[in-house]
Amino acid sequence: MVSRPEVEVELHGGPLDGWRVPVDPTDPDPWTAILSDHGQHPGGRSLYAPDAAGAWRWVRDLRWDEL
């Protein structure tokens, strides 16, 4: 089993603003889609990705069947 490094980042904007979540800093396609009942599609996911400065910003909410 390979251990992947994780760092904790703060989410900015959207329904999960202020949450801190673990991400893999070595992922070549960094983004995270977190299960959320707080967004536009309850039971769906809130999508976050790093901006050019490295802050994790809300992109949009996804329906449960979009991933």
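Under UniProt numbering, the first residue of the sequence shown carries the number 1, and numbering increases by one thereafter.
Heads up, the beta-carbon is just placed ideally off N, CA and C, and yes, glycines get one too.
Computed from a prediction, not measured in an experiment: that's the story for all the values here.
Query                                                                               : Result
Local conformation of Gly39 per DSSP, three classes                                 : coil
First through last residue of the beta strand (DSSP E) which encompasses residue 69 : The chain is shown only over 1 to 67; residue 69 falls outside these bounds and no answer can be derived.
Residues bridged to Ser46 [DSSP beta-bridge criterion]                              : Ile34 and Asp61
Beta-carbon proximity of Arg63 to Leu11, cut-off 9 Å                                : no
Terminal residues of the beta strand (DSSP E) in which Arg20 lies                   : Arg20 to Val23
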